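2 protein chains.
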Amino acid sequence: MGVDPGLTRCGVAVVEGRPGARPALIAAGVVRTGPDMPHEYRLLRLEEGLTEWYDGYRPEALSIERVFAQHNLHSVTGISQAAGIAMLIGARHATPVELHTPSEAKAAVTGSGHADKKQVGTMVARILGLAEPPRPIDAADAVALAITQLWRGEVENKYAQAVAAARRKVS
Amino acid sequence: MGVDPGLTRCGVAVVEGRPGARPALIAAGVVRTGPDMPHEYRLLRLEEGLTEWYDGYRPEALSIERVFAQHNLHSVTGISQAAGIAMLIGARHATPVELHTPSEAKAAVTGSGHADKKQVGTMVARILGLAEPPRPIDAADAVALAITQLWRGEVENKYAQAVAAARRKVS
Numbered sequence: 145m146g147v148d149p150g151l152t153r154c155g156v157a158v159v160e161g162r163p164g165a166r167p168a169l170i171a172a173g174v175v176r177t178g179p180d181m182p183h184e185y186r187l188l189r190l191e192e193g194l195t196e197w198y199d200g201y202r203p204e205a206l207s208i209e210r211v212f213a214q215h216n217l218h219s220v221t222g223i224s225q226a227a228g229i230a231m232l233i234g235a236r237h238a239t240p241v242e243l244h245t246p247s248e249a250k251a252a253v254t255g256s257g258h259a260d261k262k263q264v265g266t267m268v269a270r271i272l273g274l275a276e277p278p279r280p281i282d283a284a285d286a287v288a289l290a291i292t293q294l295w296r297g298e299v300e301n302k303y304a305q306a307v308a309a310a311r312r313k314v315s
Numbered sequence: 145m146g147v148d149p150g151l152t153r154c155g156v157a158v159v160e161g162r163p164g165a166r167p168a169l170i171a172a173g174v175v176r177t178g179p180d181m182p183h184e185y186r187l188l189r190l191e192e193g194l195t196e197w198y199d200g201y202r203p204e205a206l207s208i209e210r211v212f213a214q215h216n217l218h219s220v221t222g223i224s225q226a227a228g229i230a231m232l233i234g235a236r237h238a239t240p241v242e243l244h245t246p247s248e249a250k251a252a253v254t255g256s257g258h259a260d261k262k263q264v265g266t267m268v269a270r271i272l273g274l275a276e277p278p279r280p281i282d283a284a285d286a287v288a289l290a291i292t293q294l295w296r297g298e299v300e301n302k303y304a305q306a307v308a309a310a311r312r313k314v315s
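As you go down the protein sequences, you meet chains A and B in turn.
Note that the first sequence ends on residue 315 in the working numbering; no numbers are left out.
Note that the second sequence ends on residue 315 in the working numbering; no numbers are left out.
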C-alpha cells in the first residue's frame, strides 16, 4: 500500500504483485480532511481514514513518501504528521514500513528522478496495463510509491534468490 | 497537561490550578524513545507513553509547543510527529488542545519571550512555590507550557466573567 502523505489530500493506493508478473492495481483513492476543522480533528479523521484503508486491504507492506526539504515549514508539519500516522498504523500491525523520496518513486516507474506528474501517470498506467492513468489523479503518486516498494522488494527477492542459487552451486 | 514534543525526549507535565490560587505541580517527566529503534516503532512507543500520561491524569486541556522554524528539517519532522501524536490523543478524548510557541511560554512565566532555560526554570519554581526548578530538567518547558495554558485559560475566564458581570449590570 502506497501512501502519499498530506493533511488536505492523502493519496492511498493498493497494488498487488509478485516477481515476474505484471503488478495489478487493486484500489486507489484519497483521504481528505477539511481545512476548516481544528488541526487535531483533521489528524484524527486522517487516522480513521487510513485505518479503514489498512483494515480493508491488510497490505503486506507500507510504502510512504519521505518528507522532503522542498516544502515550506507549514506544509512540512502537516505532511510529517500525516506520514507519522501512516507509520504508526504500520507499527501497530507490525507491517513493514519503507520510506521513499519522490525522486526514488519517479525513477522507479519512469527511469528518471526528474519526471513530471504526467510522465509518472503515463508510466504507471503502462506498468499496470491500464488504458489511462489511475484516478483520482491525487492518488497517482501513491500508486507509484506502491510500485516502487513492490519492485524494490522484487529486486531484493531476486538478489536473495541469486545468492541462494550461488550457495547451492557452491555446496 | 503540557507537552514539549520530541522523539528522543518528550517532556510532559501536569499542573493543577484555578483562578486566584497558586498553581500546583502534580507530575513532571519525560517519555523517551531509543534512537536505534525503527522510526515507526519510536512513534508507537511515544504514543503509548503519552497515552499512559493522559490516562493517568485525565487532564482538562493539552498545551503543546507549536513547531517552530528554528529547527532543521530532520528535527522538524520528528517534533511535528510527536506534537501530532499528542494532538491525536487530545482529539480522541475530545480534550481541548492549544498550541503555544516557545516565546509565548517563556513570556507567560518570565515576562520575556527571550528568557533562557535557567530563567524559565527559576520562574517556574517561584510560580509553583518550589525550592528548586522541577526535575527532570527536560520537563521544565512542559511545565511552562502547562502554566501558560492555565493562565491563558484564567485570563479568558476572567474576561468571560467580566463580560457576564457587565451584562448583568446592563440587564
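Don't be surprised by glycine CBs; every beta carbon is placed ideally from N, CA and C.
Since the structure is predicted, the reported quantities are computational estimates derived from the model, not experimental observations.
In the structure shown, the three-state DSSP call for LEU151 of chain A is coil. Beta-carbon to beta-carbon, PRO278 of chain A and ALA168 of chain A are separated by about 11 Å, too far to satisfy the 8 Å threshold.
The C-alpha of LEU206 of chain B lies about 11 Å from the C-alpha of THR292 of chain B. In the DSSP assignment, HIS183 of chain B falls within the alpha helix (DSSP H) that extends over 183-201.
Boundaries of the beta strand (DSSP E) harbouring GLY173 of chain A: 168-176, taken from the DSSP string. Counting other Cβ atoms within 10 Å of its Cβ, GLU192 of chain B stays below 16 and is therefore classed as exposed. For LEU243 of chain A, the uninterrupted beta strand (DSSP E) run begins and ends at 241-244, by DSSP. Burial check for PRO280 of chain B: the Cβ neighbour count within 10 Å stays below 16, so the residue is exposed.
For ILE229 of chain B, the closest alpha carbon among the candidates B:SER247, B:ALA275, B:TRP197, B:GLU204 is that of B:TRP197. If you ignore the 5 residues before and after GLY234 of chain B, its C-beta comes within less than 6 Å of the C-beta of LEU206, VAL241, all in its own chain and listed in chain order. A check of alpha carbon separations from ILE223 of chain B across B:ASP199, B:LEU190, B:VAL287 identifies B:LEU190 as the nearest.
Interface residue (Cβ-Cβ distance to chain A less than 8 Å): ALA290 of chain B is not classified as such. Secondary structure note for ILE281 of chain A: it is in no alpha helix (DSSP H), with a DSSP letter that is neither H nor E. When A:TYR185, A:LEU188, A:LEU151, A:THR195 are compared, the shortest CA-CA separation from HIS237 of chain A is found for A:THR195.
Interface criterion met: the Cβ of THR221 of chain B is under 8 Å from a Cβ in chain A.
Identification of chain A residues near TYR185 of chain B by a Cβ-Cβ cut-off of 7 Å yields ALA235, ordered along the chain.
For the segment 221-269 of chain A, the continuous alpha helix (DSSP H) assignments of 4+ residues that do not extend past its boundaries occur at 246-254, in sequence order. For MET267 of chain B, the CB contacts under 7 Å within the same chain, skipping 5 residues up- and downstream, are VAL253, THR254 in chain order. A straight line joining the alpha-carbon of LEU188 of chain A with that of MET145 of chain B spans about 19 Å. Residues of chain B whose Cβ lies closer than 9 Å to the Cβ of GLN225 of chain A are, in chain order, SER224, GLN225, ALA227, GLY228, ILE229, MET231, LEU232.
Nearest C-alpha to PRO179 of chain B among B:ASP260, B:SER219, B:ILE271: B:SER219. By the 16-neighbour rule on beta-carbons within 10 angstroms, GLY161 of chain A is buried. Per the DSSP secondary-structure output, GLU160 of chain A pairs in a beta bridge with A:ALA168. GLU209 of chain A places its beta carbon less than 8 Å from that of PRO149 of chain A. Boundaries for LEU274 of chain B: no beta strand (DSSP E) harbours it, and the DSSP string shows neither H nor E there.
Contact between ALA157 of chain B and ALA286 of chain B holds, with the beta-carbon distance rounding to 4 Å and staying under 8 Å. Residue pairing from DSSP places ILE208 of chain B in a beta bridge opposite B:VAL147, B:LEU243. Taking 7 Å as the Cβ-Cβ cut-off, the segment 182-209 of chain A approaches chain B at HIS183, GLU184, TYR185, LEU187, LEU188, GLU191, given in chain order.
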